[in-house]
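Okay, structure first, notes after.
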Amino acid sequence: MANRFSDKLTTEERKELPSSDFGLPETREFPMPDAAHVRAAESYFRYAPEDKKPLLAYRILQKAAEFGVDVQSPVIFEWAEKHEN
782 MANRFSDKLT
792 TEERKELPSS
802 DFGLPETREF
812 PMPDAAHVRA
822 AESYFRYAPE
832 DKKPLLAYRI
842 LQKAAEFGVD
852 VQSPVIFEWA
862 EKHEN
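Residue numbers for the sequence shown, in the working numbering: 782 to 866.
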């Protein structure tokens, strides 16, 4: 997990994460191994490619539920509705 002095993952830590811990698993972007990273993914959501936003929003909500994070952005909910399971 992230080192105790920073919420940033080291390169090695990031490599060790399973694809299921990423908001965009195919490209391994937006890592979310813990609550802090779920909040970071929410705050960086606007930088995601438009065509990937439905999946990313859906994955943020999944991980938020897993870690007990209260998602604040209505934009995340709007995009998640566009995701096809």
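Even for Gly, the Cβ is constructed at its ideal location relative to N, Cα and C. Treat the numbers as computed from the prediction; the structure is a model and nothing was measured.
Item to check | Residue range of the unbroken beta strand (DSSP E) whose run includes F858 | outcome: For the purposes of this step, residue 858 is identified with residue 77 of the sequence shown, where counting begins at 1. Following the DSSP letters along the chain, one finds F858 in no beta strand (DSSP E) but inside the alpha helix (DSSP H) bounded by residues P855 to A861.
Item to check | L805 in three-state terms, based on DSSP | outcome: Taking the sequence shown and counting its residues from 1, one reaches residue 805 at position 24. Three-state DSSP puts L805 in a strand.
Item to check | DSSP state of E865 mapped onto helix, strand, coil | outcome: As a position in the sequence shown, residue 865 is number 84, starting the count at 1. Residue state, collapsed to three classes: coil.
Checklist entry - Can you list, in chain order, the residues of its chain whose CB lies under 6 Å from that of K777, leaving out five sequence neighbours each side? => result A query on residue 777 cannot be resolved here, the shown segment of the chain reaching from 782 to 866 and no further.
Item to check | DSSP-derived helix/strand/coil call for P835 | outcome: The residue labelled residue 835 in the question sits at position 54 within the sequence shown. In the structure shown, P835 sits in a helix (DSSP, three-state: H, G or I).
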